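So the structure is just underneath, and the comments pick up after that.
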Amino acid sequence: MMFKFPHKYPLKNGETVTVDLLKSSDYADVHNFLGRLTLGDQDYLKYDVSNLEFVKDRMAAIDQKTRISIGARNEAGLIVGEATVYWTRFGWKSHIGKLRIVVDKDYRKLGLSRYLSQLIFFKAQELGLSKIIAEFVRPQEAARHILRALGFKEVAVLPGFAVDNKLNKHDIIVMAADLGSLLDKYENMVWDDEHKGG
Ligand SMILES: CC(C)(COP(=O)(O)OP(=O)(O)OC[C@H]1O[C@@H](n2cnc3c(N)ncnc32)[C@H](O)[C@@H]1OP(=O)(O)O)[C@@H](O)C(=O)NCCC(=O)NCCS
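Numbering of the sequence shown is given in my numbering, commencing with residue 2 and proceeding in unit increments.
So, in structure tokens, the structure goes:
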């Protein structure tokens, strides 16, 4: 299934967001978005998102064709949700995309991360990836719930392998899914015609 970008998406609370593929030049907006997350959420991000250069560097991967990001902007133009899949270009993991989803706390539980994830999986398959994995630490309960709902299965636990920025250790949970079977499942869902095509 193909989707047009940008397009509007109505959230469960009636507000509409604009959904588009992000470009590497959107890095300042992504930095601003991640900077608006609560410190509690930032504790579990994999790198220091207050550092503009890090964010710029990660977003540059879009031009190197090793990352895709889809963002949702509110009416004020601020990014309020983002899904990213990134991968390595060569080697035995080059068919595996890593997923990361983040939604602004004021926009949670409105179906946004589910929608952005499903969109990005279609895009990831177009780009030739065949598996998606997601890693998170045990306290990220919402992540486990949503990944299960999306069709991911827990495949590994790395006990105490993550050290957060307060030096606490956490189990890393690895969940994975086969893109082909995920998308078969989503194809059967009802999609708004407005979002399809081109
Ligand atoms: C995880 C996160 C992206 C979820 O975003 P969201 O837009 O609120 O999720 P959705 O509204 O699409 O919800 C999808 C499902 O997860 C459930 N869910 C959402 N937040 C939840 C929570 N805190 N606890 C339990 N379930 C939750 C929803 O009820 C929904 O289930 P349903 O479809 O069966 O009703 C968001 O909480 C977040 O940004 N957390 C911090 C970063 C993070 O942990 N990212 C995941 C790393 S991959």
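Glycine included, every Cβ here is placed at the ideal spot set by N, Cα and C. Everything numeric in this text was worked out from a predicted model, so none of it was measured.
| Item | Value |
| --- | --- |
| Unbroken stretches of the alpha helix (DSSP H), 4 residues or longer, contained in the stretch 144-193 | 180-188 |
| Local Cβ density within 10 Å of A84, reported as buried at 16 or more and exposed below that | buried |
| Proximal residues to R225 (C-beta, below 7 Å), its chain only, five neighbours per side dropped | Missing from the structure shown is residue 225; the chain here goes from 2 to 199 and no further. |
| Three-state class that DSSP yields for K132 in the structure shown | strand |
| Alpha-carbon to alpha-carbon, Q65 and L38 | 27 Å |
| Inter-stretch contact at 8 Å, needing at least 3 Cβ pairs: the stretch 11-25 / the stretch 65-74 | yes |
| C-alpha distance - W88 paired with G129, whole-angstrom precision | 11 Å |
| DSSP-derived helix/strand/coil call for A77 | coil |
| CB of A177 within 8 Å of CB of F153, strictly | yes |
| Identity of the residues DSSP links to L22 by a beta bridge | I71 |
| V31 and I80 closer than 8 Å at C-beta | yes |
| Inside the stretch 30-117 only - beta strand (DSSP E) runs reaching at least 3 residues | 68-74, 80-87, 97-104 |
| CA-to-CA distance, P11 to S114, given in whole angstroms | 13 Å |
| Counted within 10 angstroms of its Cβ, other Cβ atoms place F34 as buried (16 or more) or exposed | buried |
| Test item: CB-CB of I133 and F122 under 8 Å | yes |
| Burial state of Y48 (16 or more Cβ within 10 Å) | exposed |
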